[in-house]
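> Each residue of the sequence shown is one higher than the one before, starting from 22 at the first, in my numbering. A virtual CB, placed ideally from N, CA and C, is assigned to each residue, including glycine.
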Amino acid sequence: MRFDRFGSVDQLALRPVAAVVLAPDQVRIRVTVAGLNPVDWQIVESPSLAAAFGIAVPAGYGNDFAGVVVETGEAVTRWRVGDRVFGGARGRAVASSVVLEERHPSLHRTPDGVDDLTAGVLDIAGRTASAVARALAVAPGETVLVGGAGGGVGSILTQLLVHAGAQVVGTGSASSAPFLRSIGAEPLTYGEGLAGALRASGARIAAAADLHGVATALAARELGVPARRIVTIESEDPPAGVVSVNGSDAHPGDLQRILALVVEGRLTVPIAGVYPVERFSDAIAQQRSRHARGKIAIVLPADPPASVADASG
Ligand SMILES: NC(=O)c1ccc[n+]([C@@H]2O[C@H](COP(=O)([O-])OP(=O)(O)OC[C@H]3O[C@@H](n4cnc5c(N)ncnc54)[C@H](OP(=O)(O)O)[C@@H]3O)[C@@H](O)[C@H]2O)c1
22 MRFDRFGSVD QLALRPVAAV VLAPDQVRIR VTVAGLNPVD WQIVESPSLA
72 AAFGIAVPAG YGNDFAGVVV ETGEAVTRWR VGDRVFGGAR GRAVASSVVL
122 EERHPSLHRT PDGVDDLTAG VLDIAGRTAS AVARALAVAP GETVLVGGAG
172 GGVGSILTQL LVHAGAQVVG TGSASSAPFL RSIGAEPLTY GEGLAGALRA
222 SGARIAAAAD LHGVATALAA RELGVPARRI VTIESEDPPA GVVSVNGSDA
272 HPGDLQRILA LVVEGRLTVP IAGVYPVERF SDAIAQQRSR HARGKIAIVL
322 PADPPASVAD ASG
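1. Assign Q47 to one of two classes, buried (16 or more other C-beta atoms within 10 Å of its C-beta) or exposed (fewer than that).
2. When every heavy atom of ligand 1 is checked, does at least one fall within less than 6 Å of the C-beta of S197?
3. Output the boundary residues of the alpha helix (DSSP H) element that contains I177.
4. Using a 10 Å radius around the Cβ and a threshold of 16 neighbouring Cβ atoms, would you call D61 buried or exposed?
5. Could you work out which residue in G162, I145, E66 is closest to S29 when comparing CA atoms only?
6. Would you identify the three-state DSSP class for P297, choosing helix, strand or coil?
7. For A330, which three-state DSSP category applies?
8. Decide yes or no for the touch test of the region 182-193 against the region 155-172: beta carbon pairs closer than 8 Å, at least 3 of them.
9. Kindly list the residues whose CB is nearer than 8 Å to the CB of E243, restricted to its own chain and excluding five residues on each side of it in sequence; keep chain order.
10. Taking C-alpha atoms, which residue in E122, A271, V78 lies nearest to V90?
11. Apart from the five residues on each side of it in sequence, which residues of its chain come closer than 7 Å, Cβ to Cβ, to E285?
12. On the criterion of 16 or more Cβ atoms from any shown chain inside 10 Å, does L178 qualify as buried, or is it exposed?
13. Relative to ligand 1, is the shortest distance from any of its heavy atoms to the C-beta of I64 smaller than 6 Å?
14. Is the Cβ of V91 closer than 7 Å to any Cβ of chain C?
15. Tell me the DSSP secondary structure of F200 in three-state form.
16. Strictly by DSSP, which residues pair up with V302?
Okay, here's the thing in structure tokens:
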């Protein structure tokens, strides 16, 4: 999936790309599932954001993936053909295959008992949720306000906090309340009067994570939560003293810890939509709605779709 210039995601198209010859330390991975994140379309729209990630046009799309190793460079020792892997390949995951260095920090083994749909949507949201959970450092019994608890990051973060013994009050739209309950949060509708609603509920908020704008951070401040216990992942201009966290703050092993909880049946990675690659526009549209409950996945076929084969002429 490629784009040639920065601007609209409407120009994205499936196109044949010549396969690169592997360097001795590289592996080729056939992608089975690519997960979408808001940053994917934000990169297409913003040359400065793209530059921050080292992406120049023409470029590919997506980051999260799962798949299987299909070829190894002659010096590769860590992987064998047939190994199931997952991780992140910035700006190129929605593709028949990706090439990564064998010791790339975003290349991981997919544990037995984890399907590609789960592993393939995990990289950005899982790392970010882990980093936020670590920054919040909740004590068992504390109540945490999570703004945007049902999204890709929020649905994983909420479960990590519950697993750490916290009570979670999670904001969402009114229709998301049953979903928020299903992942362990007490639902609260976002919008005007958030601090007042929390005060009326009697919840004693000890910490907060804002995953959408600044409304949650502001409400938490209004309730007297110290700024150092409020974490944001989105705002470029958060309230003074609030802690900004990025997925890059995650620790090695964080994704494997999430998947260990998945294998134990103590965490699920909710999937809001699954699309064959030919329907990538619909997948991106759902992602851009900002109302996904969980993650959105694109499924790649074993062979390139006919539209790509046709384009190669
Ligand atoms: N700094 C980083 O490293 C980093 C990493 C990942 C993501 N991010 C950013 O963090 C944000 C969340 O990422 P994501 O992947 O979780 O996005 P997402 O999956 O698109 O989030 C969708 C969720 O946002 C909720 N939402 C919509 N409007 C809201 C509002 N006004 N207040 C509170 N929640 C609202 C929706 O709830 P309803 O459906 O119930 O309305 C939905 O559950 C994005 O802006 C993303 O760019 C930053």
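The relevant details are as follows:
1. Classified as buried, Q47 has 16 or more neighbouring CB atoms from the shown chains inside 10 Å of its CB.
2. Yes, the Cβ of S197 comes within 6 Å of a heavy atom of ligand 1.
3. It spans 173-184 - the alpha helix (DSSP H) in which I177 sits, taken as one unbroken run.
4. Its Cβ being crowded by 16 or more others within 10 Å, D61 is buried.
5. Minimum Cα distance to S29 is reached at E66.
6. Reduced to three states, the DSSP call for P297 is strand.
7. Interpretation of A330 is limited by its pLDDT of 46, a score under 50 that renders its predicted location unreliable; no figure is taken from the coordinates.
8. Three or more Cβ pairs drawn from the region 182-193 and the region 155-172 lie within less than 8 Å of each other, which places the two stretches in contact.
9. Within the same chain, E243 has close Cβ partners A216.
10. The residue with the shortest Cα to Cα distance from V90 is E122.
11. Closer than 7 Å at Cβ, skipping near neighbours: no residue.
12. Buried, since its Cβ has 16 or more Cβ neighbours within 10 Å.
13. Not under cutoff, so the answer is no.
14. Reference to chain C is not applicable here, since this structure consists of a single protein chain.
15. Helix.
16. Note on identity: in this sequence residue 302 is Ser, with Val being the wrong assignment. S302 pairs with nothing; no bridge assigned.
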